[in-house]
Every structure is written in structure tokens, then in C-alpha cells.
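With mature numbering (1 follows the signal peptide of the UniProt record, and there is no 0) as the guide, the letters of the sequence shown map in order to residues -23 to -1, 1 to 86. C-beta: ideal position from N, C-alpha, C; glycine also. Since this is a predicted model, take the numbers as computed values, not measurements. Remarks on the structure that follows.
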Amino acid sequence: MKQLMKVVATTMVMAMAAGVVYAKESKSMKEGEELFKQHCASCHPDGGNIVNPKKTLKGADLKANKVKGEKDIVKLMRHPGPGMQSFDAKAIPDRQAKMIAAYVLKEFK
Ligand code: HEC
């Protein structure tokens, strides 16, 4: 009986922890999405690119253009290529820039 209680308690604690992690993750995804809509979607609607159609935010294009992860995306926000507006840390602080990058990588595969 004691053993069973232990198993039940452990399972509950683990489920709660997983719930917290999940809630945190989806909250920052949501924030990333909002920020993306606010700052990026005008030129990148649905992860496309209205200025340069060869440089969309879809996985295949990112790969072809050597944009490999969050860091590269944040770097591009700070120092973009021709036609893209630049966003310094005042416009989009690092923490938010990372959330946008995570959203881009997850949303537009
Ligand atoms: C004024 C229009 C505009 C806005 C606003 C804009 N971009 Fe861009 N973006 C572009 C253009 C144009 C390029 C291609 C630049 C080049 O030739 O290197 C680009 C390229 C990119 C790339 C590289 C894509 C690839 O396949 O190589 C990423 C990543 C990116 N933008 C992310 C963002 C994010 C994140 C935001 C918002 C914080 C944003 N952009 C806002 C116009 C824009």
C-alpha cells in the first residue's frame, strides 16, 4: 500500500511538472507569434517574403540560405540583408527576438 501511494504521488508530481513546462512553452510561443505579427508579418505573411520570394521563412529556404537556428535569425534581425528593416535591441530585446525566432522555426517548416 505504501509503495502504491509512492507511485501515485510520484506520477502526480511528474504530471504537474510536465504541465508547467508545457504551459510555459506555449505561452512564449504565443508571445512569439504576437511579436511576429507585429514586426515581421507585413513582409513575411504566412512565413513568405513579399520583397524577395527566394528568401521566405520556410525550412527549405532557410536551409538553402544557411539560416540554421535561432541565433542566425536573431542575427538577421540585427543585421538584415537588402530590403529588410533592421531591428536593434531597443526595438526588439534579445529575449523577445529569441521568442520570435523560435516561433519562426516551429511554425514555418
Ligand atoms: C520591410 C520588410 C521586412 C520586414 C519588416 C522583415 N523582413 Fe525579414 N526579410 C525581408 C527581406 C527583403 C529579406 C531578404 C534579405 C536578403 O536578401 O538577404 C528578409 C529575410 C529574412 C530572413 C532570411 C530568410 C532566408 O530564407 O534567407 C529571415 C530569417 C527574416 N527575414 C526574418 C524576419 C523577422 C524575424 C522579422 C521581424 C522581426 C522580419 N524578417 C521582418 C524583409 C523584411
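Collapsing the DSSP output to three states places residue 34 in coil. Within the stretch 8 to 54, no run of beta strand (DSSP E) at least 3 residues long lies entirely inside it.
Per DSSP, residue 69 is not a residue of any alpha helix (DSSP H), being assigned neither H nor E. Here the distance from the Cβ of residue 60 to the nearest heavy atom of the ligand HEC is below 8 Å. For residue 9, the CB contacts under 7 Å within the same chain, skipping 5 residues up- and downstream, are 76, 77, 79 and 80 in chain order.
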